[in-house]
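Residues in the sequence shown are numbered consecutively from 274, following this note's numbering. Each remark here refers to the structure printed beneath this line.
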Amino acid sequence: MTTRPGQLRTVRELPPGYAEARFFHLTTLRNLLLLNVAALPLLVGSGLGFFALLSLVYGVGGPWVLVPGLPENLHPLAGIGFLLLTIPLHELAHGLAIQFYGHPVRYGVKLRKGVFFTTADGALFWRDQYLVVVLAPLVLLSVVFFVVSLIVPSGIAFWLMVGAAINAAGAVGDVWMSWITWRQPAAVLIRDEEDGMRLFLPEDQPGGVR
């Protein structure tokens, strides 16, 4: 995604005339509880959606198994291992998007809160850049898992669709942050932090921070 004329692609220092507008704290106990509750319908809805798409493909002749030698089904332990793998893959997708915009990445986990995170210390993102960063895992893993499900046996495709649904549910915080970001003016700069996002706006900028 390109930046507008006059906007640096990689921003590490706050430009003159910008001031902090608000900090959105994602990992408060209240927000974590709300997000976990919101993740349940997202898990069910996305799961139904992914399996419905796969059923449509099977209805027109799929799957088209293009990878030889694969088992028809995964052992349950292997399937559970794959589902656990979606967590680091989710964070890796965030990290790749951050690196795409020229920032170093730091991965971590808050054990007391049960939260994994990916951040770029001190990095600043324009609105459209940050939308890419926060939505990268939802979009990339959904597409990759679904495409791969078309070329593997149905037993493996089942686990891929479950993984896609779990990843979508795990992106509930990303969706919330993208909603906040999308409502901001294009001139906003966002600093990603371990516990949330900090918004900066030009001091003469009307609107924003809703």
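No residue lacks a Cβ here, since even glycine has one placed at the ideal position from N, Cα and C.
Asked	Found
Coarse secondary structure for Arg385, derived from DSSP in three states	coil
Terminal residues of the alpha helix (DSSP H) in which Gly443 lies	427–443
Option in Ser328, Val435, Asp401 with minimal Cα separation from Trp452	Asp401
Where the beta strand (DSSP E) through Pro475 begins and ends	469–475
Three-state secondary structure assigned by DSSP to Ile424	coil
Terminal residues of the beta strand (DSSP E) in which His367 lies	Counting along the chain, His367 falls outside any beta strand (DSSP E), though it belongs to the alpha helix (DSSP H) covering 349–373.
Alpha helix (DSSP H) runs wholly inside the stretch 292–350, at least 4 long, in chain order	302–332
Cα-Cα separation between Ile371 and Pro361, rounded to whole angstroms	15 Å
Contact check, Thr392 vs Glu467, beta carbons under 7 Å	yes
Beta-carbon proximity check, Gly368 vs Val382, cutoff 7 Å	no
Option nearest Trp449 by Cα separation, candidates Thr300, Ala292, Tyr291, Ser328	Thr300
Cα-Cα separation, Phe390 to Gly469	10 Å
Within-7 Å CB hit, Pro289 to chain C	Absent here is chain C; the protein component of the structure consists of one chain.
Contact under 7 Å by Cβ, Pro475 with Ala459	no
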